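Colleague:
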Amino acid sequence: MSAREFVVLGTASQVPTRHRNHNGYLLRWDGEGILFDPGEGTQRQMLRAGVAAHDINRICITHFHGDHSLGLAGVIQRINLDRVPHPITAHYPASGQKFFDRLRYATAYRETVVLEQEPVSADRVLAAGPPYSLEARRLSHPVESFGYRLTEPDGRRIRPELLARYGIAGPDVGRIQREGVLGGVTLEQVSEHRPGQSFGFVMDTRMCEGVTALAEGCDMLVIESTFLDEDEHLATEHGHLTAGQAARAAREAGVRHLVLTHFSQRYTDPDEFERQARRAGFEGDLTIAADLLRVPLPKRG
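All residue numbers for the sequence shown refer to UniProt numbering, where the first residue is 1 and numbers rise by one.
This is the structure:
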């Protein structure tokens, strides 16, 4: 199992199909798990995908349409049933507080887990620490919607040949990494800059500044492409993107790996989303999401 991978639990938009569950996605990031937009049926999809309640550390809801949030009730109750030993933080649009409360307490159950509520009301950094920073950006949809982005701090990559040049080996390697200097040799002299990885998650939205900010330079961008390009008028009317729009946004942002998802039930050929994304000029790695698919994040640059 990759230390950093994207697990697809569901890929349908408003109406699920025989082959596509409602939305649901888990990002594994160095021992942490972030669950995005648990739609109806997410708890069962977790079982099929080998995702346990214990794997979840954060829940991020983009907006309170049912295909992105109706599974929250079951997920929260499963977290409590399994007595997850660590606190879990939930982020969601503050304007939907009443919906979150209703879903959290949809039925009776015994609360055994600390679930911290941190609603989002504006563009801001939600968490900052060594593993990653998490930020939210406002999107453009008929109801208030936010996208999310994880960014790893830049670091240093040790170069074995440089260590050998300065005669540094064994425990001294860890020491120079911790302390930054050893016997007059600095960490910079035996290492090179390593850019941190980044991951963007964009659901229901028209093209807007938030899409651009979330996508900029991402190693992996997961983005909705509800409609094909010939139905762009429907996308605009309902607050969604087409395959071509999503791909152009990714191309202009320099995204390395693009994952398209959230497909309307009106389309039966998923390959057409790939064809339209390529026609829009996206040349990086491209995945057309399917339920239960696992997608490793690209290797660090």
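For each residue, glycine too, the CB sits at the ideal point set by N, CA and C. Quick caveat, the model's predicted, so the values are computed rather than measured.
Check whether the Cβ atoms of Y104 and I76 lie closer than 8 Å to each other.
Modeller: Note that residue 104 corresponds to Arg in the displayed sequence, not to Tyr. Yes, the pair counts as a contact, with Cβ atoms nearer than the cut-off.
Colleague: Expressed to the nearest angstrom, what Euclidean distance is found between the alpha-carbon atoms of A169 and R175?
Modeller: Cα to Cα, A169 sits roughly 10 Å from R175.
Colleague: Which of helix, strand or coil does DSSP assign to F227?
Modeller: Three-state DSSP puts F227 in a strand.
Colleague: Between which residues of its own chain and L182 is the CB-CB distance below 7 Å, once the five residues before and five after are set aside?
Modeller: I168, D172, R175 and I176.
Colleague: Can you tell me which residues form a DSSP beta bridge with P93?
Modeller: DSSP lists V120 as partners of P93.
Colleague: With respect to the alpha helix (DSSP H) encompassing D271, which residues constitute its N-terminal and C-terminal limits?
Modeller: Element bounds for D271: D271 to R279.
Colleague: What does C60 pair with, by DSSP beta-bridge criteria?
Modeller: Its beta-bridge partners are F36 and H91.
Colleague: Could you tell me which residues DSSP puts in a beta bridge with L182?
Modeller: V185.
Colleague: In whole angstroms, give me the CA-to-CA distance for P153 and G244.
Modeller: Rounded to whole angstroms, P153 to G244 spans 31 Å at the Cα level.
Colleague: Any idea if R138 is buried or exposed, counting beta-carbon neighbours within 10 angstroms, 16 or more meaning buried?
Modeller: With 16 or more other Cβ atoms within 10 Å, it is buried.
Colleague: How close, in whole Å, do the beta carbons of G284 and V255 come, if the pair is a contact with beta carbons under 8 Å?
Modeller: About 6 Å; that satisfies the 8 Å criterion.
Colleague: I need the DSSP call for I288, collapsed to helix, strand or coil.
Modeller: I288: strand per DSSP, three-state reduction.
Colleague: Alpha carbon to alpha carbon, how far is M203 from E224?
Modeller: M203 and E224: Cα-Cα distance of roughly 5 Å.
Colleague: Which residues in the same chain as Q14 place their Cβ atom closer than 7 Å to its Cβ, once the five residues preceding and following it in sequence are excluded?
Modeller: Cβ neighbours of Q14 beyond the five flanking positions: D67.
Colleague: Do H193 and R156 have their CB atoms nearer than 8 Å?
Modeller: Contact: yes.
Colleague: Specify the secondary structure class of I158 as computed by DSSP and reduced to three states.
Modeller: Note: I158 maps to strand in three-state DSSP.
Colleague: Between A290, D291 and R248, which lies nearest to R279 when the distance is taken from Cα to Cα?
Modeller: Ranking A290, D291 and R248 by Cα distance to R279 puts R248 first.
Colleague: Can you list, in chain order, the residues of its chain whose CB lies under 6 Å from that of R44, leaving out five sequence neighbours each side?
Modeller: Closer than 6 Å at the Cβ level, and outside the excluded window around R44, lies no residue.
Colleague: With a 10 Å radius around its C-beta and 16 neighbouring C-beta atoms as the bar for buried, classify A108 as buried or exposed.
Modeller: Counting Cβ neighbours within 10 Å, A108 comes out exposed, since fewer than 16 surround it.
Colleague: Using 7 Å as the cut-off, classify the Cβ of T205 as near or not near the heavy atoms of the ligand MG, replying yes or no.
Modeller: No copy of the ligand MG appears in this structure; indeed no ligand is present at all.
Colleague: If you draw a straight line from the alpha carbon of R20 to that of V8, how long is it in whole angstroms?
Modeller: Rounded to whole angstroms, R20 to V8 spans 11 Å at the Cα level.
Colleague: Short check: CB of C60 to CB of S140, under 8 Å?
Modeller: It is not a contact, given that the beta carbons lie outside the stated cut-off.
Colleague: At what residues does the beta strand (DSSP E) containing E135 begin and finish?
Modeller: Element bounds for E135: S133 to R138.
Colleague: Which stretch, first to last residue, makes up the alpha helix (DSSP H) that contains E209?
Modeller: Where E209 is concerned, the enclosing alpha helix (DSSP H) stretches over E209 to A215.
Colleague: Let's test the definition: count the other Cβ atoms within 10 Å of the Cβ of A49 and tell me whether it reaches 16, buried, or not, exposed.
Modeller: That one is buried.
Colleague: Measure from the alpha carbon of E272 to the alpha carbon of each residue in T236, H240, L228 and A235, then state which is nearest.
Modeller: Nearest C-alpha to E272: L228.
Colleague: Give me, in chain order, the residues of the same chain whose beta-carbon lies closer than 8 Å to that of I88; leave out the 5 immediate sequence neighbours on both sides.
Modeller: So the list reads I56, N57, R58, I59, I79, V113, V114, L115 and E116, once near-sequence residues are dropped.
Colleague: Alpha carbon to alpha carbon, how far is T226 from P130?
Modeller: C-alpha separation (whole angstroms): 35 Å.
Colleague: Beta carbon of G10, beta carbon of G39: below 8 Å?
Modeller: Yes, Cβ-Cβ distance for G10 and G39 is below 8 Å.
Colleague: Could you check which residue in P142, H63 and S69 has the C-alpha nearest to that of T236?
Modeller: Nearest option by C-alpha distance: P142.
Colleague: Are D219 and F199 touching if we call contact CB-CB under 8 Å?
Modeller: The answer is yes: Cβ separation under 8 Å.
Colleague: Would you mind giving the Cβ-Cβ distance between G281 and L214, rounded to the nearest angstrom? I have them listed as a contact below 8 Å.
Modeller: Going by Cβ atoms, the distance from G281 to L214 rounds to 20 Å, so no, they are not a contact pair.
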